[in-house]
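**Student:** Take this structure first; my questions come after.
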Ligand code: PTJ
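In the working numbering, the protein residues as written are 16 to 262.
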């Protein structure tokens with residue numbers, strides 16, 4: 016289906032197609048479509064734009080990722096379909112690995128995601144190993160790579176489930192997430208929560224990292240994630256939503 020660029024919901028509709036393609040090629044799970052639908056509902060209410068609270072979180076995320084000793088980017092079936100290119104740029108800028116870590120267990124899908132990332136130019140793509148486990152977690156996501164998330168001090172885990180965010184924090188790691196829902200357990204648990212659509216936030220994060228790398232000194236910012244969440248919820252409560260209009 017060809018969507019005219021002038022369609023008021025062009026970005027939203029093309030993003031859906033990217034995920035649909037992800038399902039057809041075996042990268043994204045069917046559940047991923049449902050998760051995206053939930054995200055879309057919040058995006059609509061947020062006016063489908065990047066707010067100041069997201070920009071502040073992006074700046075802090077860049078700061079923390081650049082200061083990390085061993086950052087790792089965790090990739091799932093939705094994010095692999097939507098932002099593989101930006102993940103690869105990020106992993107090169109930060110000299111850090113990408114690790115495939117999926118919630119809905121499937122060895123076949125893990126391999127397909129890895130191949131997809133390598134085909135797009137990724138260097139290091141790790142998979143989970145049964146002997147390395149995140150304590151306090153029962154889902155498939157407890158298995159991690161011994162040189163990746165297991166060792167990481169900072170884990171970038173966009174579109175995450177609450178259980179793993181909590182477990183990673185309990186295991187002493189900083190967690191940076193992207194989640195359109197400021198009320199989700201992940202959003203509330205993470206060290207830094209970027210409340211924005213991943214397709215808008217990732218290019219901005221790449222830009223911010225390039226900017227902060229050039230400026231060479233890492234700004235120590237006063238950052239309060241609870242305040243960021245409060246601002247997002249306050250915006251939703253005000254009800255000034257729906258930039259694209261009903262369709
Ligand atoms: O590939 P798998 O098996 O690892 O599965 C990936 C999903 C995303 C399906 C899985 O992690 C999952 O079920 O996630 P949840 O618990 O549904 O949470 C996903 C969160 O991401 C929800 O709070 C959504 O609002 C949010 N979300 C969905 N799409 C986007 C998003 N946030 C930002 N940008 C999006 N495009």
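C-beta: ideal position from N, C-alpha, C; glycine also. Small disclaimer: the values here were computed from a predicted structure and weren't measured.
Tell me whether residue 181 sits in a helix, a strand or coil according to DSSP, three-state version.
**Tutor:** Residue state, collapsed to three classes: helix.
**Student:** How would you label residue 44, buried or exposed, when you count the other beta carbons within 10 angstroms and need 16 or more for buried?
**Tutor:** So residue 44 counts as buried.
**Student:** Where does residue 46 land, buried or exposed, given buried means 16+ other C-beta within 10 angstroms?
**Tutor:** When all chains shown are included, residue 46 counts as exposed.
**Student:** Quick check on residue 101: does DSSP put it in helix, strand or coil?
**Tutor:** In the structure shown, residue 101 sits in a helix (DSSP, three-state: H, G or I).
**Student:** Would you call the region 109 to 126 in contact with the region 23 to 32, where contact means no fewer than 3 C-beta pairs closer than 8 Å?
**Tutor:** Contact fails: fewer than three Cβ-Cβ distances are below 8 Å.
**Student:** For residue 213, collect the residues of the same chain with a Cβ closer than 7 Å to its Cβ; drop the 5 residues on either side in sequence, then sort them by chain order.
**Tutor:** These residues qualify, in order along the chain: 94, 97, 98, 173, 174, 193.
**Student:** Tell me the DSSP secondary structure of residue 113 in three-state form.
**Tutor:** Correct three-state label for residue 113: strand.
**Student:** Check the C-beta distance from residue 80 over to residue 224 and give it rounded, since I have them as a contact under 8 Å.
**Tutor:** Residue 80 to residue 224, Cβ: 7 Å. Contact.
**Student:** CA-CA distance, residue 88 and residue 125?
**Tutor:** When rounded, the distance between both Cα atoms is 15 Å.
**Student:** Is residue 220 near residue 82, with beta carbons less than 8 Å apart?
**Tutor:** No, they are not a contact pair.
**Student:** Mark residue 255 as exposed unless 16 or more other C-beta atoms lie within 10 angstroms of its C-beta, in which case mark it buried.
**Tutor:** It counts as exposed.
**Student:** Looking at residue 181 and residue 206, is the spacing between their C-beta atoms short of 8 Å?
**Tutor:** Not a contact, by the Cβ cut-off of 8 Å.
**Student:** Closest to residue 137 by C-alpha separation, out of 239, 179, 102, would be which residue?
**Tutor:** Ranking 239, 179, 102 by Cα distance to residue 137 puts 102 first.
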